[in-house]
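Novice: Provided herewith is a single structure, encoded as structure tokens, for subsequent inquiry.
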Amino acid sequence: MYRFLLTPRWWGINLFVVLAIPFCVFMGTWQLGRFEDRVQTHEAAEERPAPGTMAARPLDELLPVDTVTSGRPATASGRYADQFLVPGRKLEDRSGFYVLDMLRTDSGKALPVVRGWLPGKAGQTPVPAAPAGRVTVTGDLQASENTSTDGVDSKGGLPDGQVGMISAASLVNLVPYDVYDAWVTLQDTGARAGASGNAASGAADAALTGARDRGDDALRPVPAAAPQGSGLDLKAFQNLGYTGEWFVFAAFVVFMWFRLLRREAEAARDLKLGLIPDEDAPAS
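Structure, rendered in structure tokens:
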């Protein structure tokens with residue numbers, strides 16, 4: 000009754016089933032592993048102190064940025080050079096922009112520093128000048144942004160002096176020096192100058208302090224974002240959903256194979272008993 004399993008048609012069906020089931024199980028297991036990794040990362044992050052509460056360390060000791068160093072306070076010294084505005088960024092549901100300054104360090108490379116956020120439209124709102132002279136900054140370390148980062152403008156066509164993404168890949172085309180593949184956001188937007196700051200930087204700080212006291216056009220700190228790809232975010236539950244889908248696919252392949260087998264066996268039995276003519280029998 001089951002001799003039809005040796006026909007070329009069923010050889011093809013059986014080969015497909017033999018290959019499809021392990022593939023579906025492998026993909027489901029892989030997606031489950033991704034979900035478990037995110038759960039472990041989330042649990043480890045919960046056990047560690049908040050990155051922003053840890054002691055500040057030199058920038059080079061925290062690079063490259065990963066899920067452990069993201070958000071850690073980093074220190075760097077140098078002189079501010081070019082300034083850019085990052086439009087389309089929200090803070091507490093208010094529209095505004097980031098003020099981004101390039102800090103030229105002693106190595107010659109520049110560290111992108113978000114000195115703060117301002118409400119309004121980039122290019123139309125007065126921006127406090129960066130301190131002059133040598134400064135030492137302490138800010139929360141962040142990985143370079145990408146097209147999937149919230150608020151990023153990847154369409155291009157922005158006016159001169161504005162960038163849509165804070166990343167070395169985009170900034171290196173705008174400045175004549177190397178750029179760190181990371182950036183920091185200052186949580187103290189008023190005290191930026193180090194011991195070597197000069198009178199000009201002190202005047203800039205005083206002007207900014209006055210603006211902050213008035214509550215208008217004052218730079219506001221940009222909170223550090225959690226590292227992407229960690230914790231129980233939407234992508235983690237997507238991995239869990241894909242796990243279920245792959246195992247459902249595997250079960251569906253088995254179900255369809257048994258259904259075809261049963262149908263073929265019943266047709267062969269009916270044909271043997273003469274219940275159906277030969278021309279109505281399923282093709283083998």
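Those letters in the sequence shown? Residues 0 to 283, by numbering that gives the first Met the number 0.
Backbone N, C-alpha and C fix where the C-beta goes; we use that ideal spot for every residue, glycine too.
Under 8 Å between the Cβ atoms of L218 and V98?
Specialist: Cβ atoms of L218 and V98: closer than 8 Å.
Novice: Just mark Y1 as buried or exposed, buried being the case when its beta carbon has 16 or more other beta carbons within 10 Å.
Specialist: The residue in question, Y1, is exposed, as its Cβ has fewer than 16 Cβ neighbours within 10 Å.
Novice: Beta carbon of G163, beta carbon of L157: below 8 Å?
Specialist: Yes; because the gap between Cβ atoms is below 8 Å, this pair is in contact.
Novice: Could you give the C-beta distance for G77 and R103, rounded to a whole number, given that I count them as a contact under 8 Å?
Specialist: 5 Å
Novice: Under the three-state reduction of DSSP, which class applies to L102: helix, strand or coil?
Specialist: strand
Novice: Would a C-beta distance cut-off of 8 Å place L62 and A181 closer than the cut-off?
Specialist: Yes.
Novice: Taking the beta strand (DSSP E) that S169 falls in, what are its first and last residues?
Specialist: Where S169 is concerned, there is no enclosing beta strand (DSSP E), although the alpha helix (DSSP H) it sits in stretches over 167 to 170.
Novice: Distance, Cα to Cα, G300 vs Y79?
Specialist: Residue 300 falls outside the range modelled here, since the chain spans only 0 to 283, and no answer is possible.
Novice: Below 8 Å, how does it come out for the region 1 to 18 and the region 242 to 262: are there three or more Cβ pairs, yes or no?
Specialist: yes
Novice: What span of residues does the alpha helix (DSSP H) with D59 cover, start to end?
Specialist: Start and end: 58 to 61.
Novice: How do the region 135 to 155 and the region 166 to 180 stand: do at least 3 beta-carbon pairs fall below 8 Å, yes or no?
Specialist: yes
Novice: Do you know offhand how far M255's Cα is from L272's?
Specialist: 26 Å
Novice: Assign W29 to buried or exposed, taking buried as 16 or more other Cβ atoms, counted over all protein chains shown, within 10 Å of its Cβ.
Specialist: exposed
Novice: Given that a residue counts as buried once 16 or more other Cβ atoms are within 10 Å of its Cβ, and exposed if not, what is S69?
Specialist: buried
Novice: Let me know the secondary structure DSSP gives Y97 once reduced to three states.
Specialist: Secondary structure at Y97: strand, using DSSP grouped into helix, strand and coil.
Novice: What residues are listed by DSSP as bridge partners for F83?
Specialist: L99
Novice: Report buried or exposed for V134, applying the criterion of at least 16 other Cβ atoms within 10 angstroms of its Cβ.
Specialist: buried
Novice: Mapping DSSP to helix, strand and coil, what is G77?
Specialist: strand
Novice: My guess is that P86 and D152 are in contact by the Cβ rule of under 8 Å, so how many angstroms apart are they, rounded?
Specialist: 7 Å
Novice: DSSP on T135, reduced to helix/strand/coil?
Specialist: strand
Novice: Excluding five sequence neighbours on each side, which residues of the same chain lie with their C-beta closer than 7 Å to the C-beta of R33?
Specialist: N238
Novice: What does the alpha-carbon distance come out to for the pair G160 and F83?
Specialist: 5 Å
Novice: So what does DSSP say about P7, is it helix, strand or coil?
Specialist: It is helical.
Novice: Verify whether the separation of the beta carbon atoms of G240 and Q186 is less than 8 Å.
Specialist: no
Novice: Looking at V183 and L110, is the spacing between their C-beta atoms short of 8 Å?
Specialist: yes
Novice: Taking A121 as the reference, which of C23, A128, R88, M101 has the closest Cα?
Specialist: R88
Novice: Whose CA, out of L140, P127, A55, R114, lies closest to the CA of D65?
Specialist: L140
Novice: Is G155 buried or exposed, if buried means 16 or more other CB atoms sit within 10 Å of its CB?
Specialist: exposed
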